[in-house]
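All residue numbers for the sequence shown refer to this note's numbering, where the first residue is 11 and numbers rise by one.
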Amino acid sequence: MTWVVDASVAVKWVVPEILSEQSDRLLGGGEQLIAPDLLLAEAANALWKKIRRRELSAAEANRALDVISASGIVLYAAQPLLARALTMAQRLEHPVYDCVYVALAERERATLVTADERLLARLARRRVKARALDLRRF
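Laid out in C-alpha coordinates, this is it:
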(Lines of atoms letter the chains of each structure in order from A; the text may use other names.)
(Lines give C-alpha, C1' and ligand atoms only; values in the text may rest on other atoms or scores of the structure.)
Protein backbone atom coordinates (compact mmCIF):
# COMPACT_ATOMS: atom_id res chain seq x y z
CA MET A 11 0.00 0.00 0.00
CA THR A 12 1.08 3.57 -0.63
CA TRP A 13 0.56 6.27 1.99
CA VAL A 14 0.67 10.01 1.41
CA VAL A 15 2.03 11.66 4.56
CA ASP A 16 1.79 15.31 5.45
CA ALA A 17 3.93 17.49 7.69
CA SER A 18 1.69 16.79 10.69
CA VAL A 19 2.88 13.18 10.46
CA ALA A 20 6.52 13.74 9.45
CA VAL A 21 7.31 16.18 12.27
CA LYS A 22 6.19 13.55 14.78
CA TRP A 23 9.03 11.31 13.56
CA VAL A 24 11.58 13.77 14.89
CA VAL A 25 9.86 15.61 17.74
CA PRO A 26 8.09 13.71 20.53
CA GLU A 27 4.44 14.73 20.38
CA ILE A 28 1.03 13.20 20.83
CA LEU A 29 0.67 10.49 18.16
CA SER A 30 4.43 10.16 17.63
CA GLU A 31 4.13 6.43 18.34
CA GLN A 32 1.54 6.01 15.57
CA SER A 33 3.66 8.10 13.24
CA ASP A 34 6.71 5.95 13.99
CA ARG A 35 4.70 2.80 13.18
CA LEU A 36 3.82 4.28 9.83
CA LEU A 37 7.47 5.11 9.10
CA GLY A 38 8.65 1.66 10.11
CA GLY A 39 5.81 -0.24 8.47
CA GLY A 40 7.59 -1.11 5.24
CA GLU A 41 4.97 0.58 3.04
CA GLN A 42 5.78 3.19 0.43
CA LEU A 43 5.53 6.74 1.76
CA ILE A 44 5.03 9.61 -0.65
CA ALA A 45 4.40 13.34 -0.33
CA PRO A 46 4.48 16.49 -2.38
CA ASP A 47 7.81 18.30 -2.11
CA LEU A 48 5.87 20.94 -0.19
CA LEU A 49 6.26 18.63 2.82
CA LEU A 50 9.82 19.78 3.46
CA ALA A 51 8.87 23.48 3.54
CA GLU A 52 5.92 22.76 5.84
CA ALA A 53 8.02 20.60 8.14
CA ALA A 54 10.73 23.29 8.25
CA ASN A 55 8.09 25.87 9.16
CA ALA A 56 6.75 23.66 11.97
CA LEU A 57 10.30 23.22 13.28
CA TRP A 58 10.88 26.99 13.09
CA LYS A 59 7.78 27.51 15.24
CA LYS A 60 9.25 25.10 17.78
CA ILE A 61 12.48 27.14 17.81
CA ARG A 62 10.46 30.31 18.44
CA ARG A 63 8.62 28.63 21.33
CA ARG A 64 12.00 27.43 22.66
CA GLU A 65 10.96 23.79 22.31
CA LEU A 66 13.97 23.10 20.05
CA SER A 67 17.32 24.72 19.43
CA ALA A 68 18.22 25.77 15.90
CA ALA A 69 20.73 22.92 15.72
CA GLU A 70 18.10 20.39 16.84
CA ALA A 71 15.64 21.70 14.27
CA ASN A 72 18.23 21.45 11.50
CA ARG A 73 19.05 17.86 12.48
CA ALA A 74 15.33 17.07 12.59
CA LEU A 75 14.83 18.44 9.09
CA ASP A 76 17.78 16.36 7.88
CA VAL A 77 16.15 13.24 9.35
CA ILE A 78 12.85 13.98 7.62
CA SER A 79 14.69 14.63 4.34
CA ALA A 80 16.53 11.31 4.62
CA SER A 81 13.49 9.31 5.76
CA GLY A 82 12.91 7.67 2.41
CA ILE A 83 9.73 9.53 1.51
CA VAL A 84 9.36 9.73 -2.26
CA LEU A 85 8.72 13.39 -3.06
CA TYR A 86 6.57 14.53 -5.98
CA ALA A 87 6.58 18.02 -7.46
CA ALA A 88 3.71 20.09 -6.07
CA GLN A 89 3.32 22.27 -9.16
CA PRO A 90 1.41 19.69 -11.29
CA LEU A 91 -1.00 19.18 -8.37
CA LEU A 92 -1.86 22.85 -7.83
CA ALA A 93 -4.79 23.18 -10.24
CA ARG A 94 -6.56 20.18 -8.71
CA ALA A 95 -5.65 21.37 -5.19
CA LEU A 96 -7.14 24.79 -5.93
CA THR A 97 -10.39 23.17 -7.09
CA MET A 98 -10.45 21.01 -3.95
CA ALA A 99 -9.70 23.99 -1.72
CA GLN A 100 -12.73 25.81 -3.09
CA ARG A 101 -14.95 22.78 -2.60
CA LEU A 102 -13.64 21.94 0.87
CA GLU A 103 -13.20 25.56 1.97
CA HIS A 104 -9.74 24.57 3.17
CA PRO A 105 -6.22 25.90 2.38
CA VAL A 106 -4.65 24.93 -0.93
CA TYR A 107 -1.39 23.75 0.65
CA ASP A 108 -3.24 20.99 2.53
CA CYS A 109 -5.25 20.11 -0.57
CA VAL A 110 -1.99 19.44 -2.46
CA TYR A 111 -1.60 16.31 -0.29
CA VAL A 112 -5.19 15.31 -1.04
CA ALA A 113 -4.63 15.84 -4.77
CA LEU A 114 -1.53 13.63 -4.65
CA ALA A 115 -3.46 10.89 -2.85
CA GLU A 116 -6.20 11.10 -5.46
CA ARG A 117 -3.81 11.04 -8.41
CA GLU A 118 -1.70 8.18 -7.07
CA ARG A 119 -4.69 6.21 -5.72
CA ALA A 120 -3.03 6.28 -2.31
CA THR A 121 -4.36 7.02 1.16
CA LEU A 122 -3.52 10.28 2.89
CA VAL A 123 -2.52 9.84 6.53
CA THR A 124 -2.78 13.01 8.59
CA ALA A 125 -3.17 14.26 12.14
CA ASP A 126 -4.91 17.39 10.83
CA GLU A 127 -8.36 17.09 12.40
CA ARG A 128 -9.73 20.10 10.55
CA LEU A 129 -8.77 18.63 7.17
CA LEU A 130 -10.22 15.24 8.11
CA ALA A 131 -13.49 16.89 9.13
CA ARG A 132 -13.69 18.77 5.82
CA LEU A 133 -13.00 15.60 3.85
CA ALA A 134 -15.66 13.70 5.80
CA ARG A 135 -18.31 16.32 5.00
CA ARG A 136 -17.59 16.67 1.30
CA ARG A 137 -17.11 13.90 -1.19
CA VAL A 138 -13.71 13.71 -2.83
CA LYS A 139 -12.13 10.82 -4.66
CA ALA A 140 -9.13 10.63 -2.33
CA ARG A 141 -9.02 8.39 0.73
CA ALA A 142 -7.84 9.78 4.05
CA LEU A 143 -7.01 8.14 7.37
CA ASP A 144 -6.71 9.76 10.78
CA LEU A 145 -3.24 9.08 12.23
CA ARG A 146 -5.00 8.17 15.50
CA ARG A 147 -6.38 5.06 13.80
CA PHE A 148 -2.99 3.87 12.56
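For glycine and all other residues, C-beta sits at the position ideal for the given N, C-alpha and C.
For residue 29, the three-state secondary structure derived from DSSP is coil.
Restricting attention to 82, 107, 80, 81, the CA atom closest to the CA of residue 93 is found in 107. In the DSSP assignment, residue 114 falls outside any beta strand (DSSP E) and lies within the alpha helix (DSSP H) extending over 106-118.
Shown here for residue 79: same chain residues with a beta carbon closer than 7 Å to its own, the five before and five after excluded, namely 50 in chain order. A direct Cα-Cα distance of roughly 23 Å separates residue 31 from residue 67. Separation of the CB atoms of residue 91 and residue 117 is rounded to 7 Å, and the pair is thereby assigned contact status at 8 Å.
With 16 or more neighbouring CB atoms inside 10 Å of its own CB, residue 52 falls in the buried class. For residue 92, the enclosing alpha helix (DSSP H) stretches over residues 92-102. In the same chain as residue 148, and ignoring 5 residues on each side of it, the C-beta atoms closer than 7 Å to its own belong to 32, 35, 36, 123, in chain order. Under DSSP, the beta-bridge partners assigned to residue 85 are 45. Counted as a single uninterrupted DSSP element, the stretch harbouring residue 145 is not any alpha helix (DSSP H), since DSSP gives it neither H nor E.
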